[in-house]
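Q: Under mature numbering (1 follows the signal peptide of the UniProt record, and there is no 0), the letters of the sequence shown match residues -27 to -1, 1 to 145, in that order.
Mind looking over this structure? Questions follow.
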Amino acid sequence: MNNRFGKLALLALAMVAVGVVVPAASASTSASTSALSAGMSMTQTPVLTGIRSGRHADFDRVVLDLSGHRPQFYIRCVDRLVEDGSGNPVPLPGSYFLEVRSAPAAAHDDNGNSTYTGPRKFETPALANVQAVAITGDFEANLTVGLGLRRDSWHRVFLLDSPTRVVIDVGH
């Protein structure tokens, strides 16, 4: 009897789960259809619109301006910078290098048009430690930016909203 009751409870639980999931999926589909019929894009990938840099009293700051929601970010120190996909080296002035990857994020829209019209690689002579910045990857919703540093120092990355920004601080 216990086994039969257990099977009946499991069946009832499965029916409740299906009843909850199916209406949610239908609501999502109708929202997508409404957005498409209104001419809105369904992309959720934030896109790069600008790169700024500035010198502060104790640190240099590089800011990636994005249009869209917050991406996740990953930062690591690397021996050299390479292009995502090809693995070709990215020559950038500096003795130390930081690589910051944002995902999902891109520097192009759904049609392949650039959303960032600035240089893909540039030097930053006004900064104390950051010598140069380069976009080293824009592939499969992964946007990678490399920084060439004069010296090893502390660094941090954080996100800001309204508008969305990835902020990279590097100590002098």
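We put the CB at the ideal spot given by N, CA and C, even for glycine.
#1: Could you check what DSSP says for L133 in three-state terms: helix, strand or coil?
#2: Let me check one thing: in DSSP terms, what residues is S87 bridge-paired to?
#3: Among S26, S40, P44, which one has its Cα closest to the Cα of L132?
#4: Just list the beta strand (DSSP E) runs in the segment 25 to 110, keeping only unbroken ones of 3 residues or longer that don't cross its boundaries, in chain order.
#5: Given that a residue counts as buried once 16 or more other Cβ atoms are within 10 Å of its Cβ, and exposed if not, what is V103?
#6: Rounded to the nearest angstrom, how far is the Cβ of V130 from that of V73, given a contact under 8 Å?
#7: Could you give the C-beta distance for G58 and G23, rounded to a whole number, given that I count them as a contact under 8 Å?
#8: Keeping to the same chain, check which residues put their C-beta closer than 6 Å to that of V36; ignore five residues upstream and five downstream.
#9: Within this structure, are the beta carbons of A79 and L21 separated by less than 8 Å?
A: According to the data block:
#1: strand
#2: H81
#3: P44
#4: 32 to 40, 45 to 51, 69 to 76, 94 to 96
#5: buried
#6: 6 Å
#7: Rounded, the Cβ-Cβ distance is 24 Å, inconsistent with contact.
#8: R25, R138, V140
#9: yes
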